[in-house]
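Visitor:
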Amino acid sequence: DAGITQSPRHKVTETGTPVTLRCHQTENHRYMYWYRQDPGHGLRLIHYSYGVKDTDKGEVSDGYSVSRSKTEDFLLTLESATSSQTSVYFCAISYTHEQYFGPGTRLTVT
Amino acid sequence: GENVEQHPSTLSVQEGDSAVIKCTYSDSASNYFPWYKQELGKGPQLIIDIRSNVGEKKDQRIAVTLNKTAKHFSLHITETQPEDSAVYFCAANNQNSGYALNFGKGTSLLVTP
């Protein structure tokens, strides 16, 4: 998975609780992305980062925030988890166009 | 924004046959078109990509063609093998979001022995 790890790999949480997912890379790539994958929707962009402290919104950013304080780490936070945020979350990295994905985090919100 | 349509959603072929998956995109500014293979429980894996200044690219048994005028691109897998069974996604770059990608909804390919 091109030097990309995600943690945790699985998480079950209750509605209304905050959740933070971590993406860590060892490739020193400038760009990092968070996608969610749902049946019938493919992968959809939540947020992306183009450098330390530089982030922007994607297609489905409502209810999510991100932070990037170091090149190697990109955090995704669900401030107050809802059942509609049950999904598989993938982090990706790129130097330019070619994106490489992590192994994913399966999040269940009950 | 960019809209990527992918067909078919499922495809079943016999081992040794060819498989073709087709995608269309809406944003004429898109200039990068990758294909990903995703096996169960894993992240998508980049298998081949094409840029808008090229009409065709081949890598062993897989090839991708691009028709910029018609805004469609296709993945061709020849001499399919059971290990080709997976979900395949096409994508097009989103010029407004760094190098972010807009994905099709995927094609589940089953290769039967």
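Order-wise, the sequence lines are chains A and X.
Take any residue in the first sequence, note its place counting from 1, add 321, and you have its number in the numbering used here.
Take any residue in the second sequence, note its place counting from 1, add 17, and you have its number in the numbering used here.
Each residue gets a CB set at the ideal place from its N, CA and C atoms; glycine is no exception.
Bear in mind that the values here come from a model prediction, so they are computed numbers and not experimental data.
1) Taking the beta strand (DSSP E) that Thr-334 of chain A belongs to, which residues open and close that run?
2) Mind pulling the chain A residues with CB within less than 8 angstroms of Ser-43 of chain X?
3) Rounded to the nearest angstrom, what separates Thr-376 of chain A and Gln-98 of chain X at their Cα positions?
4) Let me make sure I understand the geometry here. Which of X:Leu-92, X:Gly-72, X:Val-128, X:Ser-102 has the alpha-carbon closest to that of Gly-121 of chain X?
5) Does chain A have any CB closer than 8 angstroms to the CB of Lys-59 of chain X?
6) Pick out the complete beta strand (DSSP E) segments inside the segment 384-425 of chain A, 3 residues or longer, and give them in chain order.
7) Val-30 of chain X and Cys-107 of chain X - do their beta-carbons sit closer together than 8 angstroms?
8) Using the Cα positions of Leu-396 of chain A and Ser-43 of chain X, report the straight-line distance between them to the nearest angstrom.
9) Listed from N- to C-terminal order along the chain, which residues in the segment 415-427 of chain A have their beta-carbon within a distance smaller than 8 angstroms of any beta-carbon of chain X?
10) By DSSP, does Pro-25 of chain X sit in helix, in strand, or in coil?
11) Beta carbon of Ser-370 of chain A, beta carbon of Arg-343 of chain A: below 8 angstroms?
12) Is the segment 359-369 of chain A touching the segment 327-339 of chain A in the sense that three or more CB pairs, one from each, lie closer than 8 angstroms?
13) Tell me which residue opens and which closes the beta strand (DSSP E) that Pro-51 of chain X is part of.
14) Between Leu-146 of chain X and chain A, is there a C-beta pair that is closer than 8 angstroms?
15) Could you give the C-beta distance for His-345 of chain A and Trp-355 of chain A, rounded to a whole number, given that I count them as a contact under 8 angstroms?
16) So, at 8 angstroms on beta carbons, what are the nonlocal neighbours of Ser-102 of chain X in its own chain, with the 5 sequence-adjacent residues on each side left out?
17) Phe-411 of chain A CB to nearest chain X CB: under 8 angstroms?
18) Is the Cβ-Cβ distance between Asp-66 of chain X and Phe-90 of chain X less than 8 angstroms?
19) Tell me whether the beta-carbon of Lys-59 of chain X lies closer than 8 angstroms to the beta-carbon of Pro-329 of chain A.
Guide: Judging by the given coordinates:
1) Translated into positions along the first sequence, residue 334 of chain A becomes position 13. Run containing Thr-334 of chain A: 331-334, per the beta strand (DSSP E) assignment.
2) Within the second sequence, residue 43 of chain X is the residue found at index 26, counting from 1. The contacting residues do not exist; Ser-43 of chain X stays about 14 angstroms from chain A at best.
3) If you number the first sequence from 1, residue 376 of chain A lands on position 55. If you number the second sequence from 1, residue 98 of chain X lands on position 81. Spanning the two alpha carbons is a distance of roughly 41 angstroms.
4) Within the second sequence, residue 121 of chain X is the residue found at index 104, counting from 1. Taking only the C-alpha atoms, the option nearest Gly-121 of chain X is X:Leu-92.
5) Sequence index remark: in the second sequence, residue 59 of chain X carries index 42 (1-based). Interface residue, yes.
6) 385-391, 394-399, 408-415, 420-422
7) Taking the second sequence and counting its residues from 1, the one referred to as residue 107 of chain X is at position 90. Taking the second sequence and counting its residues from 1, the one referred to as residue 30 of chain X is at position 13. Not in contact: Cys-107 of chain X and Val-30 of chain X (Cβ atoms no closer than 8 angstroms).
8) As a position in the first sequence, residue 396 of chain A is number 75, starting the count at 1. As a position in the second sequence, residue 43 of chain X is number 26, starting the count at 1. Between Leu-396 of chain A and Ser-43 of chain X, the C-alpha separation is close to 31 angstroms.
9) Ser-415, Thr-417, His-418, Glu-419, Gln-420, Tyr-421, Phe-422, Gly-423, Pro-424, Gly-425
10) By one-based count along the second sequence, residue 25 of chain X stands at place 8. Coil, per DSSP.
11) Here residue 370 of chain A is taken as the residue at index 49 of the first sequence, counted from 1. Here residue 343 of chain A is taken as the residue at index 22 of the first sequence, counted from 1. In this structure, Arg-343 of chain A does not lie closer than 8 angstroms to Ser-370 of chain A by Cβ.
12) no
13) On the second sequence, position 34 is the one that residue 51 of chain X refers to. Per DSSP, Pro-51 of chain X belongs to the beta strand (DSSP E) from 49-55.
14) Nothing in the structure corresponds to residue 146 of chain X, since chain X is present only between 18 and 130.
15) Position 24 of the first sequence, counting from 1, holds the residue named residue 345 of chain A. Position 34 of the first sequence, counting from 1, holds the residue named residue 355 of chain A. At roughly 13 angstroms, the Cβ-Cβ gap does not stay under 8 angstroms, so His-345 of chain A and Trp-355 of chain A are not in contact.
16) For the purposes of this step, residue 102 of chain X is taken as residue 85 along the second sequence, with counting starting at 1. Hits under 8 angstroms: Leu-126, Leu-127, Val-128.
17) As a first step, residue 411 of chain A must be located in the first sequence, where it is residue number 90. Closer than 8 angstroms to some Cβ of chain X, the Cβ of Phe-411 of chain A qualifies, so yes.
18) Walking along the second sequence from the start, residue 66 of chain X turns up at place 49. Walking along the second sequence from the start, residue 90 of chain X turns up at place 73. Result no, Cβ atoms of Asp-66 of chain X and Phe-90 of chain X do not sit closer than 8 angstroms.
19) One-based indexing of the second sequence puts residue 59 of chain X at position 42. One-based indexing of the first sequence puts residue 329 of chain A at position 8. Taking 8 angstroms as the Cβ cut-off, Lys-59 of chain X and Pro-329 of chain A do not qualify as a contacting pair.
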